[in-house]
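Encoded as structure tokens, the structure appears first; notes follow it.
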Amino acid sequence: MTTRSNGRIPATLIPGDGIGPEITQVTVDALEALGSPFQWDVQQAGVAALDATGDPLPQATLDSLRRTRLGLKGPLTTPSAGGFRSVNVRLREAFDMFANVRPAKTLIPGRYENIDIVLVRENVEGFYVAHEHYIRVGDDPHAVAVSQGVNTREGCLRIARFAFEYAVTHGRKKITVVHKANILKALTGIFLQAAREVAKEYEGRVALDDRIVDACAMQLVLNPWQFDMLLCTNLFGDILSDQLAGLVGGLGLAPGSNIGKEAALFEAVHGSAPDIAGRGIANPVSQLLAAGLMLEHVGRTDLANRLVEGIRRTLIDDNVRTADIGGRASTAEFSNALIRRLSCLS
Ligand code: NAI
Ligand code: MG
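Following this note's numbering, the numbering of the sequence shown begins with 300 at its first residue and continues without gaps.
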């Protein structure tokens, strides 16, 4: 990380698709109200970039991230069943951001109280390597679909080490490794074995247990409080992190970070929400909390705490909430209320 002469940290800002520009604008405004340490280099990716430049991941965006090694990203639309490959996945691969950290912590009263679980997802292997093809049968070129997942020992060991180190530095006591090693014996067995191997180095400090993914999903509904951290392969982590978001009130309240040696990129867990894009009703809290994780990442825990406290007071004390979490506020109303709160906290 480098700092410019004005003392701010250069960072790439990707507004993204759908609700992305709406929620990133709220986030940039809130950061300014806090005294943002970031100097933004605004770049495009996803459908926004495809429309503007003909390329969903322009070279300028890659160059920017290579320079800043730090970014805040809005959600990016990925076409289903065809079309261009996920730009999110390509960014994770391009900068070897192998760790996806998705904390789920209760902010507002809901079905579940006092949820505090951190999910660590392997971010560049598994089924997301997209070794996929069709096999022709007779006249049908798409008669059979084949997908191959790839997990490497090295990749499994490094994500397990990352999770254990995270546990130590964040005061967490137990990691549950999630797998399907009874069926995908090789692909997820290697992940389970790696976690067990790394756990030996942390004996007495961080405990390890394991769950088969389907049972884990059920237990997350019945008794989520038994979990402290979840360590997941790429696909299972994608699915279970949306489930964790559900435990704390929904996708509007769920941030995540992509961490690697070459860059760190912060984002909401959710997607571009095309069903509500442009209507001014998106919940910006996930993106705001992602900015909080980014502040922590650059050592500004003071600002991160103030941001989270401002969000909490806006949601709880002012009862200003968007429709997805039972309120009636627009995105702009939430933003105004938050900025009022942040200026009182400064
Ligand atoms: P989604 O997460 O965009 O939306 C699922 C549901 O949650 C929708 O009803 C949406 O309105 C609601 N929702 C999501 N975020 C919200 C917010 N901040 N405020 C209020 N409501 C919110 O998932 P979906 O519809 O499956 O995917 C849409 C697109 O997003 C797809 O192209 C997908 O590939 C992409 N996507 C991108 C991600 C990323 O950039 N990291 C992650 C997940 C999906
Ligand atoms: Mg997802």
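Glycine included, C-beta positions come from ideal geometry on N, C-alpha and C.
Limits of the beta strand (DSSP E) - the one that Lys-404 falls within: Residue mapping note: residue 404 aligns to position 105 of the sequence shown, counting from 1. Taken as a continuous stretch (DSSP letters only), the beta strand (DSSP E) holding Lys-404 covers 398-404.
Asp-316: CB within 7 Å of a non-hydrogen atom of ligand 2: Position 17 of the sequence shown, counted from the first residue, corresponds to residue 316. Not under cutoff, so the answer is no.
Extent of the continuous alpha helix (DSSP H) run through Gly-454: On the sequence shown, position 155 is the one that residue 454 refers to. Counting along the chain, the alpha helix (DSSP H) containing Gly-454 begins and ends at 452-468.
Pairwise C-alpha distance: Ala-590 and Val-607: Taking the sequence shown and counting its residues from 1, one reaches residue 607 at position 308. Taking the sequence shown and counting its residues from 1, one reaches residue 590 at position 291. Their Cα atoms are separated by approximately 10 Å.
Proximity below 8 Å, CB of Val-568 to CB of Ala-603: For this step, residue 568 is matched to residue 269 along the sequence shown. For this step, residue 603 is matched to residue 304 along the sequence shown. Ala-603 sits away from Val-568, with the two beta carbons spaced by 8 Å or more.
Gly-315, DSSP secondary structure in three states: Taking the sequence shown and counting its residues from 1, one reaches residue 315 at position 16. Here Gly-315 sits in coil by DSSP.
Strand pairing of Gln-283, partner residues [DSSP]: The question about residue 283 has no answer here: the residues shown for the chain are numbered 300 through 645.
Distance between Leu-637 and Ile-610 (C-alpha atoms, nearest Å): The sequence position of residue 610 within the sequence shown is 311, counting from 1. The sequence position of residue 637 within the sequence shown is 338, counting from 1. Rounded to whole angstroms, the separation of the alpha carbons of Leu-637 and Ile-610 is 6 Å.
Length of the line joining the Cα atoms of His-430 and Gln-343: Taking the first residue of the sequence shown as position 1, residue 430 is located at position 131. Taking the first residue of the sequence shown as position 1, residue 343 is located at position 44. Near 27 Å, if we compare the C-alpha coordinates of Gln-343 and His-430.
Closer than 7 Å: Asp-574 CB and nearest ligand 2 heavy atom: For the purposes of this step, residue 574 is taken as residue 275 along the sequence shown, with counting starting at 1. Incorrect: Asp-574 has no Cβ contact closer than 7 Å to ligand 2.
Pro-374 Cβ short of 7 Å to ligand 1 heavy atom set: As a working note, residue 374 is residue 75 in the sequence shown. It does: the Cβ of Pro-374 is within 7 Å (strictly closer) of some heavy atom of ligand 1.
Extent of the continuous alpha helix (DSSP H) run through Val-619: Residue 619 sits at position 320 when you count from the first residue of the sequence shown. Unbroken run through Val-619: none, as it is neither H nor E.
Residues bridged to Pro-554 (per DSSP): On the sequence shown, position 255 is the one that residue 554 refers to. Answer by DSSP bridge pairing, in chain order: Ala-567.
Contact test: Val-547 Cβ vs ligand 2 heavy atom, cutoff 7 Å: As a working note, residue 547 is residue 248 in the sequence shown. False, no ligand heavy atom lies under 7 Å from that Cβ.
C-beta contact flag for Leu-418 and Arg-435 at 8 Å: The residue you call residue 418 lines up with position 119 of the sequence shown. The residue you call residue 435 lines up with position 136 of the sequence shown. Their beta carbons are not under 8 Å apart, which means Leu-418 does not touch Arg-435 by this criterion.
Reference Val-445, options His-432, Val-619 and Ile-580, closest by Cα: Mapped onto the sequence shown, residue 445 falls at position 146. Closest by alpha carbon: His-432.
Reference Gln-586, options Pro-320, Pro-309 and Arg-307, closest by Cα: One-based indexing of the sequence shown puts residue 586 at position 287. If we check each option's Cα against that of Gln-586, Pro-320 comes out closest.
Which listed residue (Glu-496, Ile-558 and Cys-531) has its alpha carbon closest to that of Met-396: What you label residue 396 is simply residue 97 of the sequence shown in a count that begins at 1. Minimum Cα distance to Met-396 is reached at Ile-558.
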